[in-house]
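Taking our numbering, I'd label the letters of the sequence shown as residues 1 to 182. Glycine included, each C-beta is placed from N, C-alpha and C at the ideal position. All figures in this text were calculated on a predicted structure; none of them were measured in a lab. Inspection log for the structure reproduced underneath, given as structure tokens.
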Amino acid sequence: MRQQFPFYNELQSIFATRMQRMLWLEAEGGGAATSSKKKSTAQFSSDEEDENDDSEGEKLGGNAKKKRKVKGLNTNNNPSTPAGTTNPIINGIREMMDEFMRQQMQMEMQWMKAYEAREEERRVKEMEWRQTMEALENERIMMDKRWREREEQRKVREEARAEKRDALVTVLLNKLRREDNV
Numbered sequence: 001m002r003q004q005f006p007f008y009n010e011l012q013s014i015f016a017t018r019m020q021r022m023l024w025l026e027a028e029g030g031g032a033a034t035s036s037k038k039k040s041t042a043q044f045s046s047d048e049e050d051e052n053d054d055s056e057g058e059k060l061g062g063n064a065k066k067k068r069k070v071k072g073l074n075t076n077n078n079p080s081t082p083a084g085t086t087n088p089i090i091n092g093i094r095e096m097m098d099e100f101m102r103q104q105m106q107m108e109m110q111w112m113k114a115y116e117a118r119e120e121e122r123r124v125k126e127m128e129w130r131q132t133m134e135a136l137e138n139e140r141i142m143m144d145k146r147w148r149e150r151e152e153q154r155k156v157r158e159e160a161r162a163e164k165r166d167a168l169v170t171v172l173l174n175k176l177r178r179e180d181n182v
């Protein structure tokens, strides 16, 4: 299966809606369907130019905005464009863009919630890991301490045995000397 880009379904629905509207307008227009299609396509391209002018206008200043307003007035005064079709088309585009932006915001909110949930889960696991490591470290320290205590007790017992042995050897040697001296 081919991989789709993230907004494939949204764009597909937008284009399907646009195609339905164009077919609907053709059906309303009757015999002049091809000319109205060309006019609506020209209107779409002029809208795109207006959007491009907006982005350039932000960079250049107010002159581009004035040109856009004049251009917008000229397209509305065009006698070949039916008066009733431009506003519904623009409204339809606005509705589609609003719907797209709403879906986009909803997806971003879902992504943020998922990200925050993953981040919270990561924090919880990290805290659990730290607590486990601290418990293991404490256990290791306690085992080391117990080992040292046992080792110390063993050394004390060994020293006591060595002292007793030395005392016994000394007593035996003293007895042997006494017997030899007698």
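Helix, strand or coil at residue i [DSSP, three-state]
i, result
"F7", "coil"
"V182", "coil"
Residue environment, residue i, which counts as buried when at least 16 other CB atoms sit within 10 Å
i, result
"I141", "exposed"
"I89", "buried"
"L25", "buried"
Own chain, CB closer than 6 Å to residue i, minus 5 neighbours either side, in chain order
i, result
"S13", "none"
"R94", "none"
Whole-Å CB distance - residue i paired with residue j, under 8 Å assumed
i, j, result
"R18", "M97", "R18 to M97, Cβ: 11 Å. No contact."
"E10", "Q103", "5 Å"
Other residues of its chain near residue i: CB distance less than 7 Å, five sequence neighbours each side excluded
i, result
"E108", "none"
"M101", "none"
Close Cβ partners of residue i (< 8 Å) along its chain, the five nearest in sequence each way excluded
i, result
"A114", "none"
Inset, instruction - Could you tell me which uninterrupted beta strand (DSSP E) segments, each at least 3 residues in length, are contained entirely in the region 133–181, listed from first to last along the chain? - result: Along the length of the region 133–181, whole beta strand (DSSP E) runs at least 3 residues long do not occur.
Legend entry - Runs of alpha helix (DSSP H) lying entirely within the region 95–122, each at least 4 residues, in chain order: Within the region 95–122, no complete alpha helix (DSSP H) run reaches 4 residues.
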